[in-house]
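For reference, the structure discussed in these notes is given below.
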Amino acid sequence: MDLSTKYLGLKLRNPVIVGSSGLTDSANKIADLEKFGAGAVVLKSIFEEEISMEYEKILNEEAPSRYKDDYLDYFDYKIKEQNLNQYIKLIIDAKKNVKIPIIASINCNSSHEWTYFAKKLEEAGADALELNIFILPSNLEKTVEDIEQTYLEIINNVKNEIKIPLAIKISWFFSNLGRAIQLLSKTGVEGIVLFNRFYSPDIDLDKMELVSTNVLSTPKELSTSLRWIGIMANRVKCDLAASTGVHDGKAVAKQLLAGADAVQLVSTLYKNGPEYLQTIIKDLESWMQEKGFDSIHDFRGKLSQEEYLNPALYERVQFMKYFGDRDKYDSTS
Ligand SMILES: Cc1cc2nc3c(=O)[nH]c(=O)nc-3n(C[C@H](O)[C@H](O)[C@H](O)COP(=O)(O)O)c2cc1C
Numbered sequence: 079m080d081l082s083t084k085y086l087g088l089k090l091r092n093p094v095i096v097g098s099s100g101l102t103d104s105a106n107k108i109a110d111l112e113k114f115g116a117g118a119v120v121l122k123s124i125f126e127e128e129i130s131m132e133y134e135k136i137l138n139e140e141a142p143s144r145y146k147d148d149y150l151d152y153f154d155y156k157i158k159e160q161n162l163n164q165y166i167k168l169i170i171d172a173k174k175n176v177k178i179p180i181i182a183s184i185n186c187n188s189s190h191e192w193t194y195f196a197k198k199l200e201e202a203g204a205d206a207l208e209l210n211i212f213i214l215p216s217n218l219e220k221t222v223e224d225i226e227q228t229y230l231e232i233i234n235n236v237k238n239e240i241k242i243p244l245a246i247k248i249s250w251f252f253s254n255l256g257r258a259i260q261l262l263s264k265t266g267v268e269g270i271v272l273f274n275r276f277y278s279p280d281i282d283l284d285k286m287e288l289v290s291t292n293v294l295s296t297p298k299e300l301s302t303s304l305r306w307i308g309i310m311a312n313r314v315k316c317d318l319a320a321s322t323g324v325h326d327g328k329a330v331a332k333q334l335l336a337g338a339d340a341v342q343l344v345s346t347l348y349k350n351g352p353e354y355l356q357t358i359i360k361d362l363e364s365w366m367q368e369k370g371f372d373s374i375h376d377f378r379g380k381l382s383q384e385e386y387l388n389p390a391l392y393e394r395v396q397f398m399k400y401f402g403d404r405d406k407y408d409s410t411s
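Per the working numbering, residue 79 is the first one in the sequence shown, and the count goes up by one each step.
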């Protein structure tokens, strides 16, 4: 069975990529991920600025204790020369250790400084770069155009400096998401990752404090990225990678059917361990065998909105039948 595919112009032995996180923060962990079958890895991000928050609050959340450090890492980052040097060392060590592509990742929310970092990571030997760009549209002074302009500037500045392929990882917080994805795909980026998933706030009613919640995704969260991969496949000028809620081999198959060029996994590997990659890849192969597909090419995009006989299903958003026919459903359906 041929699982090989291309993403960002890179040849991957399979489309299953381990997404940016603490799972990819050391050369040894990356070597294990290669051993367990990963097609590529995205290194954990180097962050633009320290995100100011009280870290002890995160420590008190429901995260499994063995992953506390990763949770902290995600928020507690400050870009300094030292961090950059450590990151460069990670790329160099990882490249020595493994053959799979290493995609470096930068988290940014402004258009400054990134060219410098991007260039350094390219020089260190990264095969591609993923920009994790997030601008929460909560600034009431800014228009949609202002926000889109910031994205375009970041991409432009970085694109002008590097020759390796560039992907951007975005959220779904756009007022016209489809148009924004299309616009971003025309900037010359080689790929867009749909979608990043964020620290989410909750309120502790006893302490009357804001706390973080649901650090890891659940399989139920698959549908948002599935919908937008399905709608945007063939309507963009770059590759699309699916991220958020992909927890097993079947979910990988679904994203590929919807039109994803590659699929990124994080939460499922935190929950089940990195060795679970083997099961995910085996389950994808079993499904392909059952359906008579010899390669990814045989089925990728077969159920994208453009290819599907009933494309309106991707855009159905109201539960008319559910509420009209209430007696037929229980509260869990
Ligand atoms: C502990 C943890 C750390 C993460 N760190 C990063 C990061 O450094 N950079 C990044 O772009 N995304 C980061 N993410 C987001 C993941 O890459 C991914 O987009 C998100 O978890 C959704 O995918 P999933 O449903 O497979 O978990 C992190 C996620 C988790 C749970």
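Where is the CB? At the ideal position from N, CA and C, for every residue including glycine.
{"query": "When you measure from the CB of Tyr277 to every non-hydrogen atom of ligand 1, does any distance come out below 7 Å?", "result": "no"}
{"query": "Hey, how far is the Cα of Ile358 from the Cα of Gly327?", "result": "4 Å"}
{"query": "Please confirm whether any heavy atom of ligand 1 lies closer than 7 Å to the CB of Val344.", "result": "yes"}
{"query": "Buried or exposed: Ser130, going by 16 or more other Cβ atoms within 10 Å of its Cβ?", "result": "Confidence at Ser130 is low in this model, with a pLDDT of 32, below 50, so its placement is unreliable and the value that follows should be read with caution. Burial call: exposed."}
{"query": "For the alpha helix (DSSP H) holding Glu159, just list the boundary residues, first then last.", "result": "159 to 175"}
{"query": "For ligand 2, any of its heavy atoms closer than 7 Å to the Cβ of Thr193?", "result": "Inclusion of ligand 2 in the displayed structure is not the case, the ligand content consisting of ligand 1 alone."}
{"query": "Note the first and the last residue of the continuous alpha helix (DSSP H) segment covering Glu112.", "result": "105 to 113"}
{"query": "Establish whether the CB of Asp376 and some CB of chain B are separated by less than 8 Å.", "result": "Within the model displayed, chain B is absent; a lone protein chain is all it includes."}
{"query": "By the 10 Å Cβ neighbour count, where 16 or more other Cβ atoms means buried, how is Lys332 classified, buried or exposed?", "result": "buried"}
{"query": "For Lys298, which of Lys360, His325, Leu283 has the nearest alpha-carbon?", "result": "His325"}
{"query": "Do you know offhand how far Lys174's Cα is from Glu223's?", "result": "43 Å"}
{"query": "Return the bridge partner residues of Phe125 from the DSSP annotation.", "result": "Asn185"}
{"query": "According to the Cβ coordinates, are Ser51 and Lys84 closer than 8 Å?", "result": "No answer is possible for residue 51: it lies beyond the span of the chain, which begins at 79 and ends at 411."}
{"query": "Count the CB pairs spanning the stretch 309 to 322 and the stretch 262 to 271 that are closer than 8 Å, and state whether there are at least three.", "result": "yes"}
{"query": "On a Cα-Cα basis, can you pick out the residue from Gly370, Asp284, Gln383 that is closest to Arg305?", "result": "Gln383"}
{"query": "If we ignore side chains and look at the alpha-carbon of each, how far apart do Thr296 and Ala196 end up?", "result": "32 Å"}
{"query": "Verify the contact flag: Val222, CB atom, against every heavy atom of ligand 1, threshold strictly below 7 Å.", "result": "no"}
{"query": "Can you pull the DSSP bridge partners for Asp80?", "result": "Ser373"}
{"query": "If you measure from the CB of Lys107, is any heavy atom of ligand 1 nearer than 7 Å?", "result": "no"}
{"query": "Relative to the alpha-carbon of Asp205, which residue among Ser345, Met79, Leu244, Glu385 has its alpha-carbon at the smallest distance?", "result": "Leu244"}
{"query": "Just to check my reading of the structure: Leu209 and Ile240 have Cβ atoms closer than 8 Å, yes? What is that Cβ distance to the nearest angstrom?", "result": "Going by Cβ atoms, the distance from Leu209 to Ile240 rounds to 11 Å, so no, they are not a contact pair."}
{"query": "Among residues of its own chain, excluding the 5 on either side of Ile336, which ones have a beta-carbon nearer than 7 Å to its beta-carbon?", "result": "The residue asked about is misnamed: residue 336 is Ala in this sequence, not Ile. Result list for Ala336: Leu304, Ile307, Gly308, Ala311, Leu381, Ser382, in chain order."}
{"query": "Within the same chain, show all residues whose beta-carbon is closer than 8 Å to that of Pro279, passing over the 5 residues directly before and after it, in chain order.", "result": "Leu288, Val289, Ser290, Thr291"}
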